[in-house]
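Quick note, the sequence shown lines up with residues 0 to 297 if you use this note's numbering. All C-beta atoms, glycine included, are put in the ideal place defined by N, C-alpha and C. The block underneath contains the structure these notes are about, expressed in structure tokens.
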Amino acid sequence: MILAAIDIGSNAARLLIVEASPYKDGSVDYTKLTLLRIPLRLGFDVFNDGTIADEKRKKLVDTIKIYKLLMDIYNVEAFEACATSAMRDASNGKRILSEIKKETGIDINIITGQEEANILYETHIAENLQEDKPYLYIDVGGGSTEVTLFADNHTIFKESFNIGTIRLLNNKVSDEQWEHMKWYIKTHTKDYQPLEAIGTGGNINKIFSVSKRKEGKYLTLELLKDYYKELSASTVEERMHLYNFRADRADVIVPALQIYTSLMKWAGAEIIYVPKIGLADGLVRMIYQRLSAEKQMS
0 MILAAIDIGS NAARLLIVEA SPYKDGSVDY TKLTLLRIPL RLGFDVFNDG TIADEKRKKL
60 VDTIKIYKLL MDIYNVEAFE ACATSAMRDA SNGKRILSEI KKETGIDINI ITGQEEANIL
120 YETHIAENLQ EDKPYLYIDV GGGSTEVTLF ADNHTIFKES FNIGTIRLLN NKVSDEQWEH
180 MKWYIKTHTK DYQPLEAIGT GGNINKIFSV SKRKEGKYLT LELLKDYYKE LSASTVEERM
240 HLYNFRADRA DVIVPALQIY TSLMKWAGAE IIYVPKIGLA DGLVRMIYQR LSAEKQMS
């Protein structure tokens, strides 16, 4: 079964196409056929002006047209499309999505931060982890950060904070917002010690790649602090040259590290695993589960 997910974030729009194949033991293999990322950077418009400028609107419409063609080429059987923080805050967000629906036939849902956290939970990141250990799952995006606490083999909380990399770059995060997130994390994790972190998002994936760690290994809080200190002391151009970062990665990676290290410190987590999954992965798994349930009922 060929499935697809479109994720329109504050920094980039992604298309993930996978082949979902049930295995004889009841598990499902998700084989990635293609992953395309277009750095639209909608958040730079929205978090400054409250709206998406006409140039970005045109690029977004064209991007979805391309994604529609790719899904047709791959014979995608079912897909989901969603937009997150930037589109939530854009005054013209719904109007743009209506235009996209008219031009392409693709219906894009603007999801809340809580819905985003719920979809991320569907990636089942905790399935292969130890049941007797608590884990703090952190997903950092351009406009918001989703945090989920797993303990005793179930979810303790899922919370979304309007603190993201692009908001930080644009100085759109107040001291009160930082203090609230600090209070929330400290208060709600203090009874689940010691815990370990799980991180997703393009920035933590990039740091993991730079670290040369083998897949399945973890990064330490101290290592992330070292990267934060080193990268903070360099310019965007220097980061692009020294680490071969794209321009749209070189600027957001520093505020991302600020968020990850802060959350880990407040939660008492000394290590973080990086499974390289995200919102689009959660979406395709939700599609498969829904279709499987419908098939069983019919």
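Within the same chain, show all residues whose beta-carbon is closer than 7 Å to that of I37, passing over the 5 residues directly before and after it, in chain order. Excluding residues within five positions, the ones whose Cβ falls inside 7 Å are A11, A12 and T62.
Within the continuous alpha helix (DSSP H) that includes D190, where are the two ends? In the DSSP annotation of this structure, D190 is not part of any alpha helix (DSSP H), being labelled neither H nor E.
Is V27 helix, strand or coil when you go by DSSP? When DSSP states are grouped into helix, strand and coil, V27 belongs to the strand group.
Mapping DSSP to helix, strand and coil, what is N108? Taken through DSSP and simplified to helix, strand or coil, N108 comes out as strand.
Could you give the distance in angstroms between the alpha-carbon of A246 and the alpha-carbon of D190? Approximately 41 Å, taken between the alpha carbons.
Could you give the residue range of the beta strand (DSSP E) that holds F160? Per DSSP, F160 belongs to the beta strand (DSSP E) from H153 to F160.
Quick one: is S26 buried, meaning 16 or more other Cβ sit within 10 Å of its Cβ, or exposed? Only exposed fits S26, as fewer than 16 other CB atoms lie within 10 angstroms of its CB.
Apart from the five residues just before and just after E145, which ones in its own chain have a Cβ nearer than 6 Å to its Cβ? Apart from sequence neighbours up to five positions away, the residues of its chain that approach E145 with a beta-carbon distance below 6 Å are E115, A116, L119, D138 and S159, ordered along the chain.
Y227 beta carbon near the ligand HEM (any heavy atom closer than 6 Å): Annotation note on the ligand HEM: not contained in the displayed structure, which lists no ligands.
Helix, strand or coil for R56? Go by DSSP, reduced to three states. If DSSP states are grouped into helix, strand and coil, R56 belongs with the helices.
Mapping DSSP to helix, strand and coil, what is G215? G215: coil per DSSP, three-state reduction.
What is the DSSP secondary structure of A255, reduced to helix, strand or coil? Helix, per DSSP.
Quick one: grab the DSSP three-state call for G8. Note: G8 maps to coil in three-state DSSP.
Beta strand (DSSP E) runs contained entirely in the segment 68-119, provided each spans 3 or more residues: If we require 3 residues or more, the beta strand (DSSP E) runs fully inside the segment 68-119 come out as 77-82.
Would you report the Cα separation of I51 and V251, rounded to the nearest angstrom? I51 and V251 have their C-alpha atoms roughly 19 Å apart.
Residue of T164, L148 and V283 minimising C-alpha distance to K185: Nearest of T164, L148 and V283 to K185, Cα basis: L148.
Residues sharing a beta bridge with Y272, DSSP: For Y272, which the question treats as bridged, DSSP gives the partners I197 and Y217.
Taking T83 as the reference, give the member of V60, H179, T154 and G142 with the closest Cα. Of the candidates V60, H179, T154 and G142, G142 places its Cα closest to the Cα of T83.
Drop a sphere of 10 angstroms on the beta-carbon of D131, count the other beta-carbons inside from all chains shown, and report buried for 16 or more, exposed for fewer. D131 comes out exposed.
Rounding to the nearest angstrom, what Cα-Cα distance links P193 and T199 in this structure? CA-CA distance, P193 to T199, rounds to 20 Å.
Am I right that V283 and L15 are in contact with their C-beta atoms under 8 Å? What's the rounded C-beta distance? Contact annotation, V283 with L15: C-beta distance approximately 6 Å; criterion of less than 8 Å satisfied.
Is V45 closer than 7 Å to A89 when the C-beta atoms are compared? In this structure, V45 lies closer than 7 Å to A89 by Cβ.
Measure the C-alpha to C-alpha separation of K57 and R94 and round it to an integer number of angstroms. Between the alpha carbons of K57 and R94 lies a distance of about 13 Å.
Nearest to E195 by CA position, among F207, G277, M70 and L218, is which residue? Cα-wise, what sits closest to E195 is L218.
If the criterion is Cβ atoms closer than 7 Å, does the pair A255 and R238 meet it? No, they are not a contact pair.
Label R299 either buried or exposed according to how many other C-beta atoms from any shown protein chain fall within 10 Å of its C-beta, with 16 as the threshold for buried. A question about residue 299 goes unanswered here, because the residues of the chain that appear run from 0 up to 297.
Could you check how far apart the C-beta atoms of S231 and L222 are, in whole angstroms? I think they sit under 8 Å. The beta-carbon distance between S231 and L222, rounded to whole angstroms, is 15 Å. This is too long to meet the 8 Å contact definition.
Put S291 into one of helix, strand or coil per three-state DSSP. The three-state reading of DSSP puts S291 in helix, counting H, G and I together.
Using 7 Å as the threshold, is the C-beta distance between M70 and A3 below it? Closer than 7 Å, so yes.
Take F244 as the anchor and find which of I105, E175, S208 and E102 has the nearest alpha-carbon. For F244, the closest alpha carbon among the candidates I105, E175, S208 and E102 is that of S208.
Rounded C-alpha distance that separates T188 from A292: As the crow flies, the alpha-carbon of T188 is around 35 Å from that of A292.
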